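Peer 1:
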Amino acid sequence: MSKPVADEEQPLRLSEDLLASQEPEVSPKRGILTIVTFPSLYTVFLHLVILILLIYTFRGSPYPRTQPPMPEGATWSPATEFIRYQINGDHALHQNKPSVYAGTPTVEQERAWDDLVTPAYFAATREELIKSEESLENGARLTSGGYLATLGVYHELHCLRQFRLYLYRDRYYENITEAQDHYLHQHLDHCLESLRLTIMCHGNTGLYTFAWTSASQGKPTSQSNARSVCVNWSSIKDWSHSREIPDTERVMGPSSMEDCHDC
1 MSKPVADEEQ
11 PLRLSEDLLA
21 SQEPEVSPKR
31 GILTIVTFPS
41 LYTVFLHLVI
51 LILLIYTFRG
61 SPYPRTQPPM
71 PEGATWSPAT
81 EFIRYQINGD
91 HALHQNKPSV
101 YAGTPTVEQE
111 RAWDDLVTPA
121 YFAATREELI
131 KSEESLENGA
141 RLTSGGYLAT
151 LGVYHELHCL
161 RQFRLYLYRD
171 RYYENITEAQ
181 DHYLHQHLDH
191 CLESLRLTIM
201 CHGNTGLYTF
211 AWTSASQGKP
221 TSQSNARSVC
231 VNWSSIKDWS
241 HSREIPDTER
251 VMGPSSMEDC
261 HDC
């Protein structure tokens with residue numbers, strides 16, 4: 001009968017077994033030394049992860065999660081952290097190529113513009129106004145609470161739409177009075193300045209070049225293959241719908257502010 005192994009010998013036997021299991025294995029067919037250990041598998045996995053990240057970085061994510069860090073001095077917005085970005089190479093370079101937003105007015109265009117500029121308004125909280133450095137004094141309040149607010153992009157789209165309406169004023173302002181026309185000119189001057197500020201603020205640096213498309217051309221035509229980092233519009237629409245004001249909501253008049261101290 002074999003002698004039983006004492007308990008104190010077990011650690012030594014386990015260690016020997018473990019060491020034996022780590023001895024290199026020689027393939028009987030190829031005679032190549034193969035070692036498969038956890039560290040080597042981890043190294044392979046790590047290299048694969050790095051390779052995937054490099055490919056992803058150089059190709060560019062179609063929907064980057066956030067924009068570059070906010071520069072010092074820029075104000076906070078409740079929508080910023082929810083906005084996504086994408087690479088966009090669209091250009092409106094052909095004058096005779098209308099889109100769903102441009103060209104002779106149609107019912108389809110009206111629906112497209114209505115969808116584009118809504119929902120423009122949301123209820124901002126007191127905390128959001130303070131964090132974004134907006135004044136609470138005489139703020140337009142809503143009957144259900146909060147303050148009437150919108151994102152700058154909707155104001156700019158409103159201005160752009162006003163230019164479109166005036167461009168086709170025979171259709172949209174058929175019986176306009178002189179006083180109304182005067183008001184519209186003032187409003188459009190305001191919109192012109194608003195869009196100028198926005199365009200110069202964002203300063204598109206994409207390269208535009210010029211080319212001849214026919215020998216009879218009086219001047220070369222602009223062209224561009226530039227691609228830019230743009231807001232993914234769906235992310236703005238999704239956020240706007242998540243904060244949309246119900247149709248039953250009403251704005252409180254200025255007289256309602258008399259009893260409101262630091263609302």
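Heads up, the sequence shown is in UniProt numbering, so the first residue is 1 and it goes up one at a time. Idealized CB from N, CA, C, for every residue including glycine. Small disclaimer: the values here were computed from a predicted structure and weren't measured.
Along the chain, where does the alpha helix (DSSP H) that runs through residue 198 open and close?
Peer 2: 178-202
Peer 1: What is the DSSP secondary structure of residue 32, reduced to helix, strand or coil?
Peer 2: Low confidence applies to residue 32: its pLDDT is 36, below 50, so where it sits in the model is not reliable, and the reading given next is rough at best. Note: residue 32 maps to coil in three-state DSSP.
Peer 1: Which full runs of the alpha helix (DSSP H) of 4+ residues lie inside the segment 95-124, going along the chain?
Peer 2: 107-116
Peer 1: Can you name, in chain order, every residue of its own chain whose Cβ lies under 7 Å from the Cβ of residue 206, other than the five neighbours on each side?
Peer 2: 224, 226, 228
Peer 1: Strictly by DSSP, which residues pair up with residue 223?
Peer 2: 209
Peer 1: Pair every Cβ in the segment 169-188 with every Cβ in the segment 127-146, then say whether three or more of these pairs are closer than 8 Å.
Peer 2: no
Peer 1: Leaving out the 5 sequence neighbours to the left and right, which residues in its chain are closer than 8 Å to residue 222 when beta-carbon positions are compared?
Peer 2: 93, 208, 209, 210
Peer 1: Under 7 Å between the Cβ atoms of residue 79 and residue 157?
Peer 2: no
Peer 1: May I have the straight-line CA-CA distance separating residue 119 from residue 180, to the nearest angstrom?
Peer 2: In a straight line, the C-alpha of residue 119 is about 27 Å away from that of residue 180.
Peer 1: Please list, in chain order, all residues of the same chain as residue 137 whose beta carbon is under 8 Å from its beta carbon, the five residues on each side excluded.
Peer 2: Taken in chain order, the list of residues that qualify is empty.
Peer 1: What residue range does the alpha helix (DSSP H) around residue 86 cover?
Peer 2: Segment 85-88 is the beta strand (DSSP E) holding residue 86; no alpha helix (DSSP H) there.
Peer 1: Let's see if you can read the secondary structure: which residues bound the alpha helix (DSSP H) around residue 255?
Peer 2: From DSSP, residue 255 is part of no alpha helix (DSSP H); its letter is neither H nor E.
Peer 1: For the beta strand (DSSP E) that residue 173 lies in, which residues bound it at each end?
Peer 2: Residue 173 -> no beta strand (DSSP E), and no H or E assigned at all.
Peer 1: Once the 5 residues before and after residue 82 are set aside, which same chain residues still bring their CB inside 6 Å of it?
Peer 2: Within its own chain, the residues whose Cβ lies closer than 6 Å to the Cβ of residue 82, once the five positions on either side in sequence are excluded, are 239, listed in chain order.
Peer 1: Determine whether the beta carbon atoms of residue 267 and residue 230 lie at a separation below 7 Å.
Peer 2: Past the boundaries of the shown model lies residue 267; the chain is included only from 1 to 263, so the question cannot be answered.
Peer 1: What did DSSP end up calling residue 164 once you bin it into helix, strand or coil?
Peer 2: helix
Peer 1: Secondary structure at residue 128, three-state DSSP: helix, strand or coil?
Peer 2: helix
Peer 1: Anyone know if the C-beta pair for residue 191 and residue 162 falls short of 7 Å?
Peer 2: yes
Peer 1: Residue 251: buried (16+ other C-beta within 10 angstroms of its C-beta) or exposed?
Peer 2: exposed
Peer 1: Taking Cβ positions, are residue 124 and residue 154 nearer each other than 7 Å?
Peer 2: no
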